[in-house]
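Asks: Before I ask anything, let me first share the structure, which is written out below as structure tokens.
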Amino acid sequence: MLKLIIEKELRETIGSSRFAISFGICALLIILAFYVGARNYQVTRAQYEAALAENLRQMEGITDWMMVDQHIFLPPLPIAALVTGIANDIGRTVEVHGRGELTAEGSRFNEDPLFAVFRFLDLDFIFQIVLSLFAILFAYNAINGEKEQGTLRLTFANAVPRATYILGKMAGTFLALAVPLLIPLLIGYLLLILLGIPLNGDDWGRLALIIGAGLLYFGVFLTLSIWVSALTRRSASSFLLLLILWLFAVLIIPRSAVLLAGRAV
1013 MLKLIIEKEL
1023 RETIGSSRFA
1033 ISFGICALLI
1043 ILAFYVGARN
1053 YQVTRAQYEA
1063 ALAENLRQME
1073 GITDWMMVDQ
1083 HIFLPPLPIA
1093 ALVTGIANDI
1103 GRTVEVHGRG
1113 ELTAEGSRFN
1123 EDPLFAVFRF
1133 LDLDFIFQIV
1143 LSLFAILFAY
1153 NAINGEKEQG
1163 TLRLTFANAV
1173 PRATYILGKM
1183 AGTFLALAVP
1193 LLIPLLIGYL
1203 LLILLGIPLN
1213 GDDWGRLALI
1223 IGAGLLYFGV
1233 FLTLSIWVSA
1243 LTRRSASSFL
1253 LLLILWLFAV
1263 LIIPRSAVLL
1273 AGRAV
């Protein structure tokens, strides 16, 4: 019975117009994130090497420690081409003088706090913002939608256990949405190789962990959406509730915490 429910969800999800549109958008964003990240790494690497050469040129003419006025730059990491991490939070340069404390500068959040809310186009943004929203769009009416259509009663007329039904819903929807995303991810891998991004074995392992964590994050929102759909009677109510939860959990609370922490330090 579980297999039949999973197959039913796969057919309905993949055959829907929502899937075609959503998959097209996600695939485009993923490939674009790989390309933009790779190009950004190449530009940042060139700027870093030029800054190092300039620092060495200036250091050659310094005869007194008090004359030191250098900018130390955070070296770009290849994995940062796909996930920016905290480099944009803490600052990208440190100014070194003959005396005084070292302070990080160049935080993009200081330049424009709007970045603290919407971040940048990378895999973190796609998994955290885009795919979590798509999980809600596909599963907000997973249970109550069938109840409104009258098909839920027919399903349970076959003595299907509730746990089996919900598990089949979750597994079928997850497989239908997550597995096709491997195609643009593989295309992105090829882009990295073609553009000459120097990823070593550890970087590839980290990238695999990032994608695995992103799919797990996607599964959490998918499970939450199905759970809310089972608790509410109307699909419109579940969608509104999930959208509010998404706004607070994904946008408001994490980004506000970044801004507040920056003001408190």
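First residue of the sequence shown: 1013, per the working numbering; consecutive thereafter.
C-beta: ideal position from N, C-alpha, C; glycine also.
(1) Nearest-angstrom Cα distance between Gln-1059 and Lys-1020?
(2) So Pro-1090 and Asp-1215 are in contact, right, with Cβ under 8 Å, and what is the actual spacing, rounded?
(3) In chain order, what are the residue ranges of uninterrupted alpha helix (DSSP H) at least 4 long that sit wholly in the region 1210-1243?
(4) In whole angstroms, what is the alpha-carbon distance linking Ala-1093 and Asp-1134?
(5) Do you know how far the Cα of Ala-1190 is from the Cα of Arg-1267?
(6) How is Val-1106 classed by DSSP in three states: helix, strand or coil?
(7) So, does the CB of Leu-1263 fall closer than 8 Å to a CB anywhere in chain D?
(8) Would Leu-1254 and Ile-1148 qualify as a contact pair, given that the criterion is a beta-carbon distance under 8 Å?
(9) Using a 10 Å radius around the Cβ and a threshold of 16 neighbouring Cβ atoms, would you call Ser-1029 buried or exposed?
(10) Who are Phe-1085's beta bridge partners in DSSP?
(11) Can you list, in chain order, the residues of its chain with a C-beta nearer than 7 Å to that of Leu-1204? Leave out the 5 residues immediately preceding and following it.
(12) Taking the alpha-carbon positions, what's the Leu-1022 to Gly-1231 distance?
(13) Can you give the Cα-Cα distance for Leu-1221 and Leu-1044, rounded to whole angstroms?
(14) Rounded to a whole number of angstroms, what is the C-alpha to C-alpha distance between Ala-1248 and Leu-1272?
(15) Go to Arg-1023, then tell me how far its alpha helix (DSSP H) extends in each direction, as first and last residue.
(16) Would you kindly work out how many angstroms separate the C-alpha atoms of Tyr-1177 and Leu-1014, rounded to a whole number?
(17) Can you tell me the Cα-Cα spacing of Ala-1171 and Phe-1186, whole angstroms?
(18) Considering Phe-1186, what are the terminal residues of the alpha helix (DSSP H) in which it resides?
(19) In three-state DSSP terms, what is Phe-1130?
(20) Taking 8 Å as the cut-off, decide whether the C-beta atoms of Gly-1180 and Ile-1026 are in contact.
(21) Decide if Leu-1143 is buried, meaning its Cβ has at least 16 other Cβ atoms within 10 Å, or exposed.
(22) So what does DSSP say about Tyr-1152, is it helix, strand or coil?
(23) Under 8 Å, do Leu-1041 and Ile-1199 count as touching if we go by C-beta distance?
(24) Classify Trp-1184 as buried or exposed, calling it buried when 16 or more other Cβ atoms lie within 10 Å of its own Cβ.
(25) For Ala-1151, collect the residues of the same chain with a Cβ closer than 7 Å to its Cβ; drop the 5 residues on either side in sequence, then sort them by chain order.
(26) Compute the beta-carbon to beta-carbon distance between His-1083 and Ala-1063, rounded to the nearest angstrom, for a pair I have assumed lies under 8 Å.
Replies: Quick look at the numbers:
(1) As a working note, residue 1059 is residue 47 in the sequence shown. As a working note, residue 1020 is residue 8 in the sequence shown. Taking the straight line from one Cα to the other gives about 53 Å.
(2) The count along the sequence shown starts at 1 and reaches residue 1090 at position 78. The count along the sequence shown starts at 1 and reaches residue 1215 at position 203. With a contact defined as Cβ atoms closer than 8 Å, Pro-1090 and Asp-1215 qualify at about 6 Å.
(3) 1213-1243
(4) Within the sequence shown, numbered from 1, the residue matching residue 1093 stands at position 81. Within the sequence shown, numbered from 1, the residue matching residue 1134 stands at position 122. It is roughly 8 Å from the alpha-carbon of Ala-1093 to the alpha-carbon of Asp-1134.
(5) For this step, residue 1267 is matched to residue 255 along the sequence shown. For this step, residue 1190 is matched to residue 178 along the sequence shown. Whole-angstrom Cα-Cα distance: 26 Å.
(6) Indexing the sequence shown from 1 puts residue 1106 at position 94. It is a strand residue.
(7) No chain D is present in this structure, which holds just one protein chain.
(8) As a working note, residue 1254 is residue 242 in the sequence shown. As a working note, residue 1148 is residue 136 in the sequence shown. Their beta carbons are under 8 Å apart, which means Leu-1254 touches Ile-1148 by this criterion.
(9) Here the question's residue 1029 lines up with position 17 in the sequence shown. Exposed.
(10) By 1-based counting over the sequence shown, the position of residue 1085 is 73. Beta-bridge pairing links Phe-1085 to Thr-1105.
(11) Indexing the sequence shown from 1 puts residue 1204 at position 192. Correct list, in chain order: Phe-1046, Ala-1050, Leu-1211.
(12) The count along the sequence shown starts at 1 and reaches residue 1022 at position 10. The count along the sequence shown starts at 1 and reaches residue 1231 at position 219. Whole-angstrom Cα-Cα distance: 16 Å.
(13) Reading the sequence shown from its first residue, position 209 is the one you call residue 1221. Reading the sequence shown from its first residue, position 32 is the one you call residue 1044. In a straight line, the C-alpha of Leu-1221 is about 20 Å away from that of Leu-1044.
(14) The residue given as residue 1248 occupies position 236 in the sequence shown. The residue given as residue 1272 occupies position 260 in the sequence shown. Cα to Cα, the separation comes out at about 34 Å.
(15) Position 11 of the sequence shown, counting from 1, holds the residue named residue 1023. That run of the alpha helix (DSSP H) goes 1014-1026.
(16) By one-based count along the sequence shown, residue 1177 stands at place 165. By one-based count along the sequence shown, residue 1014 stands at place 2. Computed Cα separation, rounded: 7 Å.
(17) The residue you call residue 1171 lines up with position 159 of the sequence shown. The residue you call residue 1186 lines up with position 174 of the sequence shown. Each residue's Cα considered, the two are about 24 Å apart.
(18) By one-based count along the sequence shown, residue 1186 stands at place 174. Phe-1186 -> alpha helix (DSSP H) spans 1174-1190.
(19) For the purposes of this step, residue 1130 is taken as the residue at position 118 of the sequence shown. The predicted model places Phe-1130 with a pLDDT of 49, which falls under 50 and marks its position as unreliable; any figure quoted below should be read in that light. Note: Phe-1130 maps to helix in three-state DSSP.
(20) Stepping through the sequence shown from its first residue, residue 1180 is reached at position 168. Stepping through the sequence shown from its first residue, residue 1026 is reached at position 14. In this structure, Ile-1026 does not lie closer than 8 Å to Gly-1180 by Cβ.
(21) For the purposes of this step, residue 1143 is identified with residue 131 of the sequence shown, where counting begins at 1. Counting Cβ neighbours within 10 Å, Leu-1143 comes out buried, since at least 16 surround it.
(22) Position 140 of the sequence shown, counted from the start, is the residue given in the question as residue 1152. In this structure, Tyr-1152 counts as coil in the three-state DSSP scheme.
(23) Mapped onto the sequence shown, residue 1041 falls at position 29. Mapped onto the sequence shown, residue 1199 falls at position 187. Contact: no.
(24) Position 172 of the sequence shown, counting from 1, holds the residue named residue 1184. As written in the sequence, residue 1184 is Gly, which differs from the Trp given in the question. With 16 or more Cβ atoms within 10 Å of its Cβ, Gly-1184 is classed as buried.
(25) Reading the sequence shown from its first residue, position 139 is the one you call residue 1151. Thr-1185, Leu-1234, Ser-1237, Ile-1238, Ser-1241, listed in sequence order.
(26) Locating residue 1083 in the sequence shown gives position 71, counting from the first residue. Locating residue 1063 in the sequence shown gives position 51, counting from the first residue. With a contact defined as Cβ atoms closer than 8 Å, His-1083 and Ala-1063 qualify at about 7 Å.
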